[in-house]
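Enquirer:
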Amino acid sequence: MKINLENNGIKSEIETLGAYVNTLSKNGVNIFFPKSKIDENGTDKLRGGSHPCLPHFGVSKKVGLSNHGFARDLEWNVKYQSDSEVVLSLKPDVENWEGMYAEITYSIKDNYFITKLLVRNDGEKSIDVSPAFHPYFNYTDENEIFLNGEKFEMNRETLPNSLFVDEVNSMKTSEYVIEIENKDMPKFVIWTNFTDKYLCVEPTFNWQALDKDRELCAIEAGEEKEFEYRVKIK
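Numbering (the UniProt record's numbering), first residue to last: 1 to 234.
(1) To the nearest angstrom, how far is it from the Cα of residue 57 to the Cα of residue 183?
(2) Do residue 163 and residue 180 have their beta-carbon atoms positioned less than 7 Å apart in this structure?
(3) Please tell me whether residue 132 and residue 202 are closer than 7 Å, where the distance is taken between their beta carbons.
(4) Note down the Cα distance separating residue 215 from residue 59, rounded to an integer number of angstroms.
(5) For residue 50, count the other beta carbons within 10 Å of its own beta carbon; 16 or more makes it buried, fewer makes it exposed. Which is it?
(6) Between the alpha carbons of residue 3 and residue 124, how many angstroms are there, rounded?
(7) Would DSSP call residue 4 helix, strand or coil?
(8) Within a Cβ cutoff of 8 Å, which residues of the same chain sit near residue 47, ignoring the five residues on either side of it in sequence?
(9) Which residues in the same chain as residue 154 place their Cβ atom closer than 6 Å to its Cβ, once the five residues preceding and following it in sequence are excluded?
(10) Nearest by alpha-carbon distance to residue 79: which of 193, 103, 122 is it?
(11) Over the uninterrupted beta strand (DSSP E) stretch that includes residue 39, give me the two end residues.
(12) Contact between the segment 205-213 and the segment 87-100: three or more CB pairs below 8 Å?
Structure (structure tokens):
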């Protein structure tokens, strides 16, 4: 199911399968690279938009899950919907994760596109998560990209292996300027494989926390945790 949000010139298409943001634009200018299938060495890969990485970002073999977890592959339920906001919920039927409840809110307010993730533990044992979001930001000229006010080098050797940075608070391209705010997603991963004109600037709880034995977010039975990031489009 696809849901269209619109307010103040900002438009977004949300898909319940995977809680995907398929598109994000303002006044006809793409902020996110539109979700699409791209042929990469003879294999169709889904790229673009933005999706949740839950319960863990990155390699998740230690808990028997595929990369970036299961949330992006499951059908979410619509809990609430208006012209500028949608709330999606997920109670996964996944072994060892039956006690987790997740809720994602996408909303457009003023010049902001806001993403909120609530994770609640309805089970009897503590659960560990290290969530993230995976937005593909659109660009037209790779020589006109600035992060945190400084020109960004689109290095074809390092970017396909990801860069890990403590903060990204702004991004400027030849077509738009955005500010990025976050709550409990303080670490950023920057990635592209150069198959098209997108640069992923991904807010995370921690960098590859599960795979690299870094700090995870423990949610005790009966407790919940909220994560958020905002894109202010100027």
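Ideal Cβ placement from N, Cα and C applies to all residues, glycine included.
All of these numbers come straight from a predicted model, not from anything done at the bench.
Expert: According to the structure shown:
(1) Taking the straight line from one Cα to the other gives about 16 Å.
(2) Not closer than 7 Å, so no.
(3) Contact: yes.
(4) For residue 215 and residue 59, the distance between alpha carbons rounds to 15 Å.
(5) By the beta-carbon neighbour count (other beta carbons within 10 angstroms, threshold 16), residue 50 is buried.
(6) Just so you know, the alpha carbons of residue 3 and residue 124 end up roughly 35 Å apart.
(7) In the three-state DSSP reduction, residue 4 falls in the strand class (E or B).
(8) Leaving aside the five residues that flank residue 47 on each side, the residues in its chain whose CB is nearer than 8 Å to its CB run, in chain order, 33, 35, 36, 37, 38, 136, 195, 196, 198.
(9) Excluding residues within five positions, the ones whose Cβ falls inside 6 Å are 142.
(10) Nearest C-alpha to residue 79: 103.
(11) Annotation for residue 39: the continuous beta strand (DSSP E) segment containing it runs 36-40.
(12) Counting C-beta pairs closer than 8 Å gives fewer than three between the segment 205-213 and the segment 87-100, which falls short of the contact rule.
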